Amino acid sequence: MVEMTDLIAKLRETQRLSSEGGGERFRTRHHQRGKIFVRDRIEILLDAETAFLELSPLAAHGLYGGEVPGAGIVTGIGLIHGRPCMIIANDATVKGGSFFAETVRKHSRAQEIAQQHRLPCIYLVDCGGAFLPEQDRVFPDQDHFGGGFWRQCQMSAAGIPQISIVFGGCTAGGAYIPALSDQVIMVRGTGRIHLGGPPIVKAAINEIVDGETLGGADMHTMVSGVSDHVAPDEETALQKLREIVANLGSEGAVAPPPQDPVEPLANSGSPEDYAPVDLKRPTDMRALIRSMADASVLSEFKPDYGASLITGFAHIHGYPVGILANDGALFSESSLKGAHFIELCDQRQIPLLFLQNITGFMVGTEAEKGGIAKHSAKLVYAVSNARVPKFTVIVGGSYGAGNYGMCGRGFRPRFLFSWPNARIATMSPDVASTVVTDLRRASLKSEASEDDIATLDAKTREQFEEQSDPYYATARLWDDGIIEPNQTRDVLGLCISLAAGEDQDTGPRPVYRM
Ligand code: COA
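Next comes the structure, spelled out in structure tokens:
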């Protein structure tokens, strides 16, 4: 049987490899050009000894033959002069920092989080624009490259600062990131901005020109005005950026927690102890909640009704939170209880935390007669319309409509993280293979050979095993990253704090008893 320690060891090793970017050869070439590796740039930029909440570090994992680690971009939230900022930094050692479909998604997901929480966006630009062989998956559609520029303009207009440093050759789409920023710094010698680089210029108008003359830092800072500051080297540029952020005013400051944070009790165990590694075995979800909550206190709501959904109030790092956690399949009663609890939290303006470990809603004649379809829909409705910030962690299985009722990605939680034991799919491989082979049998009637059915069974099982793996999910940005169970409390504390100071919607908030 797989243990959580094995899963964590695999996660750390996979993240370590991904964090090396394009590998030794490209990193050496990068350094030889006097450039600093993307992760070291971020380290220099952020306040010393503070955490960096990296988002989707395993984006594009296993795709493109493993040649695009992290999707060629590093994104995450870190502190500059005590202010949380969204860092969006191209990794030029991965295909010249050019954009694949997952790069676009990761870039725009970071912008979306920044926009929701009014975090200044810091772009560390070193980017060759769209990865041309993939242009049909990167360039033309609403949520492709153009969508990122649209969002950048929207944020700037809304007063959310957009600031860039240009470190390398930024062509076409890469040029627009700084060009649309409120303030731009360029590094002399390596930073370049041009809508078309020298080869394009030659092809288009037969002009022969070198990169520095066409789009270098001095030209753009002193002649074209595209850039506002020129820095002699990367370190100076990063320090200049810190200085700019220090002078931004009070926008985006984090509201302190309403009560002092208290660590969970030492004898409450750690989340890792309660992680449902074997999804077929029940786990002590109350103990799991207590191991993450301030002082291990969970004040339960309706504990004697709809027992397969635990609902209750707790604090994390001093911030109040209403928790919904699965403890078995969702029945009509548990769905109604969940909807009622969500309305209570909405009325009291308490953020919601969903801990998913769900096989789905109950099926069968009895459940259907009891109205599971309409009762589960009430939960989905309440989740969709709750005005308070929502946060989701997939701590075990996330199957079928259970994913929806428990605030899966489609229901816009502010953040969604998975544990390394998570599984996400419409159904488990066992159930899927039965459904698919039964459908096949029915459509072929007597013509179905048992060999064909067995092959289909094995194929379906394999497909569902592969696609429900958390690495498959995180590579495609269905979550904001896989995190270790024992990191969850701190990660949530940061995420909840970002939303804590927001203006609240004070319109009527009814609670309909379900
Ligand atoms: N599309 C496809 N591949 C790209 C790319 C792009 N936009 N930008 C870089 N690459 C690839 C290179 O072909 C090379 O691939 P390889 O290692 O498989 O041979 C790798 O990325 C590294 O590029 P390289 O040119 O060696 O790196 P560099 O650091 O010297 O220069 C750039 C980086 C971005 C300045 C340079 O690659 C460049 O100008 N790229 C093209 C930019 C462009 O015209 N973009 C238009 C997009 S609409």
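Residue 481 is where the sequence shown starts when you use our numbering, and the numbers rise one by one after that. Note that the Cβ used here is the ideal one computed from N, Cα and C, for glycine as well. Source: prediction; values computed, not measured.
Under 5 Å, CB to nearest heavy atom of ligand 1: contacting residues: For ligand 1, the selected residues are Lys575, Gly576, Ser578, Gly608, Gly609, Ala610, Phe611, Leu612, Gly649, Thr651, Ala652 and Gly677.
Strand pairing of Cys601, partner residues [DSSP]: Listed as beta-bridge partners of Cys601 by DSSP are Met566 and Gln642.
Terminal residues of the beta strand (DSSP E) in which Tyr799 lies: Unbroken beta strand (DSSP E) run through Tyr799: Tyr799 to Asn806.
DSSP three-state assignment for Val689, whether helix, strand or coil: Look at Val689 here: in three-state DSSP terms it is coil, with no helix or strand label.
Secondary structure of Lys760, DSSP reduced to three states: Here Lys760 sits in coil by DSSP.
Three-state secondary structure assigned by DSSP to Met481: The answer is coil: DSSP assigns Met481 none of H, G, I, E or B.
Endpoints, the alpha helix (DSSP H) within which Ala787 is located: Run containing Ala787: none; DSSP gives neither H nor E here.
Straight-line gap, Thr968 to Ser923 (C-alpha atoms, nearest Å): Thr968 and Ser923: Cα-Cα distance of roughly 47 Å.
Per DSSP, the bridge partner or partners of Thr872: The partner list for Thr872 (beta bridge, DSSP) reads Phe834 and Leu896.
Start-to-end residues for the beta strand (DSSP E) that takes in His709: It spans His709 to Ala711 - the beta strand (DSSP E) in which His709 sits, taken as one unbroken run.
Three-state secondary structure assigned by DSSP to Arg519: Arg519: helix per DSSP, three-state reduction.
Beta carbon of Glu743 nearer than 7 Å to that of Asn966: Not in contact: Glu743 and Asn966 (Cβ atoms no closer than 7 Å).
Counted within 10 angstroms of its Cβ, other Cβ atoms place Thr651 as buried (16 or more) or exposed: With at least 16 other beta carbons inside 10 angstroms of its own, Thr651 counts as buried.
Run of the beta strand (DSSP E) containing Val667, from where it starts to where it stops: Its beta strand (DSSP E) spans residues Gln663 to Val667.
At least three beta-carbon pairs within less than 8 Å, the stretch 506-520 to the stretch 578-585: Touching, no, given that fewer than three Cβ pairs across the two stretches are closer than 8 Å.
Range covered by the beta strand (DSSP E) that runs through Ile557: Counted as a single uninterrupted DSSP element, the beta strand (DSSP E) harbouring Ile557 occupies residues Ile553 to Ile560.
Whole-angstrom distance between Asn570 and Ile522, CA atom to CA atom: Distance between the alpha carbons of Ile522 and Asn570 is about 11 Å.
Coarse secondary structure for Ile748, derived from DSSP in three states: According to the sequence shown, residue 748 is Ser rather than Ile. Of the three classes helix, strand and coil, the one that applies to Ser748 here is helix, per DSSP.
Nearest-angstrom Cβ-Cβ length linking Gly649 and Arg672, presumed shorter than 8 Å: Between the beta-carbon of Gly649 and that of Arg672 there is about 5 Å, and that keeps the pair under the 8 Å contact cut.
Environment of Met765 [buried if 16+ CB atoms lie within 10 Å]: Using a 10 angstroms sphere on the CB of Met765, the tally of other CB atoms reaches 16 or more, which defines it as buried.
The stretch 967-984 contacting the stretch 908-927, beta-carbon criterion three pairs below 8 Å: With a cut-off of 8 Å, the stretch 908-927 and the stretch 967-984 do not count as touching, because too few Cβ pairs lie within range.
Three-state class that DSSP yields for Arg672 in the structure shown: The three-state secondary structure of Arg672, taken from DSSP, is strand.
Contact belief for Leu604 with Ile665 at Cβ below 8 Å, rounded distance in angstroms: Contact between Leu604 and Ile665 fails: their C-beta atoms lie close to 10 Å from each other, not under 8 Å.
Proximity winner among Glu848, Phe834, Ile822 and Gly792, relative to Phe811 (alpha-carbon distances): Across the set Glu848, Phe834, Ile822 and Gly792, the C-alpha of Glu848 shows the shortest separation from the C-alpha of Phe811.
Buried or exposed by the 16-neighbour rule on C-beta atoms within 10 Å, applied to Arg513: Counting the other CB atoms within 10 Å of its CB gives Arg513 a total below 16, which places it among the exposed residues.
Residue environment, Arg492, which counts as buried when at least 16 other CB atoms sit within 10 Å: With fewer than 16 Cβ atoms within 10 Å of its Cβ, Arg492 is classed as exposed.
Leu533 in three-state terms, based on DSSP: Collapsing the DSSP output to three states places Leu533 in a strand.
Where the beta strand (DSSP E) through Ile769 begins and ends: Ile769 -> not in any beta strand (DSSP E); alpha helix (DSSP H) instead, spanning Met765 to Arg770.
Nearest-angstrom beta carbon gap, Ala979 and Arg894 [assumed within contact, 8 Å]: Contact between Arg894 and Ala979 holds: their C-beta atoms lie close to 6 Å from each other, under 8 Å.
Endpoints, beta strand (DSSP E) assigned at Ile904: Arg903 to Ala905 is the span of the beta strand (DSSP E), which, as asked, contains Ile904.
Span of the alpha helix (DSSP H), counted from its first residue to its last, around Gly882: According to the DSSP assignment, Gly882 belongs to the alpha helix (DSSP H) that extends over Gly880 to Gly885.
Residues that DSSP places opposite Ala794 in a beta bridge: Partner(s): Val801.
Host beta strand (DSSP E) of Cys650 (start-end): Unbroken beta strand (DSSP E) run through Cys650: Gly649 to Thr651.
Classification of Met484 by the beta-carbon crowding that lies within 10 angstroms, buried from 16 upward: Flag for Met484 reads buried.
For Leu972, the residue or residues it bridges with in DSSP: DSSP, once it has assigned bridges, lists no residue as partnering Leu972.
Strand pairing of Ala610, partner residues [DSSP]: Residue pairing by DSSP places Ala610 opposite Phe579 in a beta bridge.
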